[in-house]
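Scroll down for the structure; my scribbles are underneath it.
Numbering (our numbering), first residue to last: 949 to 1009.
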């Protein structure tokens, strides 16, 4: 299954891990994802979606 937010589409990004001596090595930055059951009024039922923390905050407001 894809590590992607259902609403905003955030996915894994690639960057560098930089040590104290400034040596760089590749690393991955993953979005903060949660599995949640959300009621979708258009469908009239609950579905399980992967949603990131920032979108979860927006829905909670």
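The beta-carbon is built from N, C-alpha and C at its ideal position, and this holds for glycine as well. In this text, all values refer to a predicted model and were calculated from it rather than measured experimentally.
Any idea which residues DSSP pairs residue i with across the strands?
i, result
"residue 974", "964"
"residue 1000", "981"
"residue 988", "993"
How many whole angstroms separate the CB atoms of residue i and residue j, which I take to be in contact at a CB cut-off of 8 Å?
i, j, result
"residue 960", "residue 977", "7 Å"
"residue 986", "residue 995", "7 Å"
Please name the residue, chosen from the options, that lies closest to residue i on a Cα-to-Cα basis.
i, options, result
"residue 975", "969, 1001, 962 and 987", "962"
Rounded to whole angstroms, what's the CA-CA distance from residue i to residue j? Just pull it up for me.
i, j, result
"residue 955", "residue 1000", "8 Å"
"residue 968", "residue 952", "32 Å"
"residue 1006", "residue 950", "22 Å"
With DSSP as the reference, label residue i as helix, strand or coil.
i, result
"residue 993", "strand"
"residue 1008", "helix"
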